[in-house]
C-alpha cells in the first residue's frame with residue numbers, strides 16, 4: 001500500500017486512504033486485468049499481466065470528524081453517538097459507517113431501515129425532518145448486495161446531512177418502504193423501482209412512474225443496454241455510445 | 001400472404017381502459033358532453049387533464065375526479081418527457097455529462113450544470129482549487145438564470161389564469177436575460193457552460209457593460225410587473241388562500257424552494273449551506289407566511305430583486321478579480337480557453353495553433369482529455385444547490401473510471417409536484433391550475 005516514494009506517500013496520506021494488509025487485498029475478487037480495455041488482440045502495452053482487484057469495503061475509524069474533514073471529533077460523531085445511544089443494538093442495525101469527502105454514510109441493515117429512519121426523524125437531538133430523496137445504484141460485482149438504495153436526509157433544525165444506504169441482493173430485491181416515515185419517498189421509491197427493480201415493501205402503490213406501465217426491464221441497471229445505432233459522419237461510421245471504447 | 005389473423009392489443013382502447021361512459025372532448029361538442037353527462041345522473045366526473053393541456057406546464061397529466069366543481073380526488077401522471085439523461089450520462093465522460101444534464105430543467109440549465117459539477121469537484125476533492133473568478137461567474141450566471149426562470153414562472157402563471165399581458169411582459173424581460181446568456185456562452189439555453197473545474201470560457205469583452213445595462217433596466221421592469229399584479233383584485237381573487245400548504249405539509253412531502261419559503265421558513269441553501277462563495281454576498285432570504293399561491297408569487301418577485309443585488313456585487317467583483325476561469329490542474333481542466341467562433345463555441349484559434357504547431361505534449365494532453373477524459377476517485381458525493389424551484393441535488397457515484405458510474409438528480413420539480421393532490425383536493429377545479437402553476441414544475445426536470 002504505502003509507497004517508497006516520499007511524495008506519493010504524502011499524497012496517500014493526504015487522501016487518508018485506509019491502510020490495508022496485502023493479504024486482505026489479495027482476497028478481493030478481481031475487478032479487471034490488463035490495461036486500456038484491450039481484449040481482442042494481443043496486449044502489447046506491457047500491462048497484460050496487470051491484475052486490479054476490487055478495493056475492500058471501507059469502514060471509517062473514530063473519530064468521524066465533520067463536513068470540513070477535521071481529524072478531531074465533530075458533528076458526525078455527535079450524530080453517531082446519539083444514534084448509538086438511542087438504538088440499543090446499534091452494531092446490529094448499522095453494518096458499517098463511511099466518512100468520505102465530508103459526508104457521513106450509515107450502511108443500514110435493510111430489516112432495520114424503517115426503524116433507523118424513524119429514530120432519525122423523531123428524536124429531537126437528531127431531527128432529520130426532511131428526506132431529500134431516494135436514489136438507487138446497481139453494483140453487479142458486489143455479490144449479495146447488488147442493489148443499493150441510497151437515502152439522503154437533511155436536518156433543518158441542526159443544519160446537517162446524513163446518508164443512509166441499504167443493500168439487497170438481485171435474487172431478493174426487497175427493501176422496506178420509507179413512506180410511513182417520509183411521505184415524500186412515495187415517488188422516489190416508485191422511480192427507483194422503475195429503474196432498478198428494487199421492490200419497496202409497504203409502499204402504498206408501487207407502480208412504474210417514468211417508463212410506460214407495460215415496459216419490460218429496469219433501464220438503469222448495469223445489465224440493461226443503452227441501445228443506439230451507428231451513425232455515419234463524413235464517411236466514418238461512429239458506433240453507438242455503449243459500443244465505443246471505454247477506458248476502464 | 002399468410003392468412004394468420006392476429007388481434008392487436010391496444011392498451012389505450014377506450015373500452016378497456018375506462019369504466020362507465022367515455023367522452024372525447026375535441027372542441028365544439030360541449031352540448032353533447034353536457035347532455036350525455038346529464039343522462040348518466042351521476043355527479044361524479046373523471047376528467048383527464050393533460051398531457052397536452054395548455055395549462056399543465058408541459059406534458060403533465062392530471063386525473064381529476066370531480067363532484068360538480070369540487071375536486072374530490074387528484075392523481076398526477078408523469079413520465080411523458082422521460083429522456084434517459086441519467087442513463088446516457090453513464091456512457092460519456094465526466095465533462096460531457098454537463099451537456100446532458102443541462103437539458104433536464106430547461107428553464108434553469110445553469111443550475112443543473114452547477115449541481116453536477118459541484119458533485120464531481122467534491123469527488124475529485126478539488127472544490128478549493130476552482131478559481132475565484134470562475135466561482136463569481138457561476139454565481140452571476142445562476143442569479144441571472146434565477147431571474148429568467150422566475151419570470152417564466154410568473155409569465156406562464158398569468159397565461160394559465162388568462163392574463164396574456166403578464167405572459168408577454170414576463171417573456172420580454174426573459175428575452176433580455178437570454179441575450180446576456182447568448183453573449184456570454186454563445187447559447188440561449190442548454191449552454192453546458194459550467195464544467196468540472198470552472199467554466200468553459202471567460203466573459204467576452206463588453207459583457208460586463210451589457211450586464212450593467214440590464215441591471216439599470218430590470219428593477220423598473222420588475223416594479224412594473226409588481227404594479228400590474230401585486231394589488232390586482234382579479235389576481236388576488238385567484239391566488240389568495242388558494243392551494244394552501246403549510247410547513248408540516250412541506251416537510252413531510254419534501255417540498256423546498258419558494259413554496260416552502262411562503263410558509264415562513266427562511267430555508268435557503270445559499271444562506272444555510274453556502275456553496276460557490278455565497279456566504280460572501282449580501283442578500284436577504286425572501287419569505288411570506290401566507291402558505292398560498294399569492295405568497296409564493298411574492299417570494300418569487302422578491303427573489304428576483306435579491307438576485308439583481310447579487311448580480312450587481314458579482315459585476316463589481318469581476319472588475320477586480322482577474323485570472324483563469326478553469327482549474328490549474330492540467331489533468332482535469334480542459335487545456336483550451338474556449339472561444340465563440342462563427343459556427344458556435346469551440347477551441348480558440350490560439351489553442352489550436354499551439355497544439356497543432358508548437359507543442360507535442362499539449363496535443364497529447366488535449367487528445368487524452370477529450371477522448372478519454374479524466375478519472376474521478378471511487379466514491380459517492382451529494383451536492384446540493386438552491387435552484388429556482390428548491391433543493392437541486394446531484395448524487396454522483398464513481399467507480400474510479402472516466403465515466404460517471406451513476407448520477408441521480410434530486411429534482412425539485414419532481415419532488416414538489418407530489419404536493420399537487422395535497423393542494424388541489426377539496427378545492428375548485430379552476431384552482432388546480434393555480435396550484436400547479438404555483439409549484440412551477442418543469443417537466444423536463446420532473447421526468448429527466
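Chains as they are written, first to last, in the UniProt record's numbering: chain Y, 1 to 248; chain Z, 1 to 448. Heads up, the beta-carbon is just placed ideally off N, CA and C, and yes, glycines get one too. Model, not experiment: these values are computed from the prediction.
message: I need the straight-line Cα distance from residue 423 of chain Z to residue 118 of chain Z, nearest angstrom please.
response: 33 angstroms
message: What would DSSP say about residue 155 of chain Z, mapped onto helix, strand or coil?
response: helix
task: Taking 8 angstroms as the threshold, find out whether the segment 137 to 145 of chain Z comes into contact with the segment 184 to 200 of chain Z through three or more Cβ pairs.
output: yes
- prompt: So, is residue 31 of chain Z buried or exposed, given that buried needs 16 or more other C-beta atoms within 10 angstroms?
  reply: exposed
query: With burial defined as no fewer than 16 other Cβ atoms inside 10 Å of the residue's Cβ, what is the status of residue 202 of chain Y: buried or exposed?
result: exposed
- prompt: chain Z partners of residue 103 of chain Y, CB-CB under 7 angstroms?
  reply: 381 and 382
- prompt: Looking only at DSSP bridge pairs, what is residue 48 of chain Z linked to?
  reply: Z:63
- prompt: From the beta carbon of residue 100 of chain Y, is the nearest beta carbon of chain Z less than 8 angstroms away?
  reply: yes
task: Just confirm the distance between the C-beta atoms of residue 408 of chain Z and residue 273 of chain Z, as a whole number of angstroms; I'd bet it's less than 8 angstroms.
output: Actually they do not touch by this definition, with Cβ atoms about 19 angstroms apart.
- prompt: How do the segment 93 to 108 of chain Y and the segment 127 to 139 of chain Y stand: do at least 3 beta-carbon pairs fall below 8 angstroms, yes or no?
  reply: no
Alpha carbon of residue 270 of chain Z to alpha carbon of residue 261 of chain Z, nearest angstrom: 13 angstroms
query: How many whole angstroms separate the CB atoms of residue 142 of chain Z and residue 193 of chain Z, which I take to be in contact at a CB cut-off of 8 angstroms?
result: About 11 angstroms; that fails the 8 angstroms criterion.
message: On the DSSP bridge list, what partners appear for residue 168 of chain Y?
response: Y:147
message: Contact defined as beta carbons within less than 8 angstroms: I believe residue 127 of chain Z pairs with residue 228 of chain Z. What is the distance between those atoms, to the nearest angstrom?
response: 43 angstroms between Cβ atoms; not a contact.
message: With distance defined between alpha-carbon atoms, name the residue in Z:50, Z:330 and Z:251 nearest to residue 470 of chain Z.
response: Only positions 1 to 448 of chain Z appear in this structure, which leaves residue 470 of chain Z out of reach.
message: Could you tell me the alpha carbon to alpha carbon distance between residue 428 of chain Z and residue 59 of chain Z, rounded to whole angstroms?
response: 22 angstroms
message: Among the candidates Y:212, Y:175 and Y:151, whose CA atom is the shortest distance from the CA of residue 200 of chain Y?
response: Y:175
field: Any chain Z beta carbon closer than 8 angstroms to residue 56 of chain Y
entry: no
task: Take every Cβ of the segment 140 to 159 of chain Y, pair it with every Cβ of the segment 112 to 128 of chain Y, and state whether three or more of those distances are shorter than 8 angstroms.
output: yes
message: So, at 6 angstroms on beta carbons, what are the nonlocal neighbours of residue 65 of chain Z in its own chain, with the 5 sequence-adjacent residues on each side left out?
response: 46, 72 and 73
task: Please compile the residues from chain Z whose C-beta is within a distance smaller than 9 angstroms of the C-beta of residue 156 of chain Y.
output: 251, 265, 267 and 272
field: Short Cβ contact (8 angstroms threshold) for residue 30 of chain Y with residue 51 of chain Y
entry: yes
query: How close, in whole Å, do the beta carbons of residue 107 of chain Z and residue 169 of chain Z come, if the pair is a contact with beta carbons under 8 angstroms?
result: Going by Cβ atoms, the distance from residue 107 of chain Z to residue 169 of chain Z rounds to 17 angstroms, so no, they are not a contact pair.
- prompt: What are the partner residues of residue 383 of chain Z, as DSSP defines its beta bridges?
  reply: Z:394
message: Between the alpha carbons of residue 318 of chain Z and residue 130 of chain Z, how many angstroms are there, rounded?
response: 15 angstroms
message: Between residue 217 of chain Y and chain Z, is any beta-carbon pair separated by less than 8 angstroms?
response: no
message: Any beta carbon of chain Y sitting closer than 8 angstroms to that of residue 135 of chain Z?
response: no
- prompt: DSSP beta-bridge partners for residue 176 of chain Y?
  reply: Y:201
Bounding residues of the alpha helix (DSSP H) (the contiguous stretch that carries residue 68 of chain Z): Where residue 68 of chain Z is concerned, there is no enclosing alpha helix (DSSP H), given that its DSSP letter is neither H nor E.
task: Would you list, in chain order, the members of the segment 385 to 415 of chain Z that have their beta-carbon closer than 8 angstroms to a beta-carbon of chain Y?
output: 391, 393, 395, 397, 401, 402, 403, 405, 406, 408, 410, 414 and 415
field: chain Z residues whose Cβ lies nearer than 9 angstroms to that of residue 268 of chain Y
entry: Residue 268 of chain Y is absent from the model: chain Y starts at 1 and stops at 248.
message: Does the CB of residue 229 of chain Y have a neighbour CB from chain Z at under 8 angstroms?
response: no
- prompt: Per the contact definition of three or more C-beta pairs closer than 8 angstroms, is the segment 145 to 162 of chain Z in contact with the segment 171 to 183 of chain Z?
  reply: yes
query: Are residue 105 of chain Y and residue 163 of chain Y touching if we call contact CB-CB under 8 angstroms?
result: yes
message: Would residue 147 of chain Y pass as an interface residue toward chain Z - the criterion being a Cβ-Cβ separation below 8 angstroms?
response: no
query: Going along the chain, which residues of its own chain have a beta-carbon closer than 7 angstroms to the beta-carbon of residue 398 of chain Z, five neighbours each way excluded?
result: 123, 376, 377, 378, 379, 404 and 405
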